[in-house]
Ligand SMILES: [Zn+2]
């Protein structure tokens with residue numbers, strides 16, 4: 020353990036940081052009028068700025084619905100405002116996502132009976 024504490028995931032905001040020096044980022048309200056939500060329905064989440072709040076909202080929304088609409092190509096429009104801000108000061112964001120393919124390589128045994136034929 021260092022003088023900064025352990026490097027760990029903050030149980031409040033979910034960010035990784037040094038336990039003793041970590042400070043949670045501010046919170047933002049995010050809501051999606053397209054889906055009939057308004058200011059009163061807004062969820063609170065931690066983010067460094069409005070833009071990140073919109074991105075985190077999209078990530079959570081996709082994973083909560085388990086349908087991954089946004090990352091699947093359906094953009095969303097959301098309002099974002101500071102947790103203690105009011106509706107009039109909300110900024111509107113267009114959020115889209117993309118799924119990235121992931122490749123994994125592992126070494127495997129060669130077949131001595133079929134050298135360099137990849138079997
Ligand atoms: Zn935190």
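Residue numbers (our numbering): 20 to 138.
Beta carbons: idealized from backbone N, C-alpha and C, even for Gly.
Bear in mind the structure is a predicted one, so any value in this text is a computation, not a measurement.
Cβ-heavy atom distance, residue i to ligand 1, below 8 angstroms
i: residue 34; result: yes
i: residue 31; result: yes
i: residue 42; result: yes
i: residue 122; result: no
i: residue 65; result: yes
Cβ-based burial, residue i [other Cβ within 10 Å; buried from 16]
i: residue 50; result: buried
i: residue 76; result: buried
i: residue 39; result: exposed
i: residue 109; result: buried
i: residue 209; result: The shown model of the chain, from 20 to 138, leaves out residue 209, and the question about it has no answer.
i: residue 97; result: buried
i: residue 61; result: buried
i: residue 95; result: buried
i: residue 74; result: buried
Strand pairing of residue i, partner residues [DSSP]
i: residue 27; result: 36
i: residue 21; result: 24
Start-end ranges of the alpha helix (DSSP H) lying completely within the region 70-117, minimum 4 residues: none
As an exercise, report each continuous beta strand (DSSP E) stretch of at least 3 residues that is fully enclosed by the region 33-77, in chain order. 35-37, 46-50, 62-65
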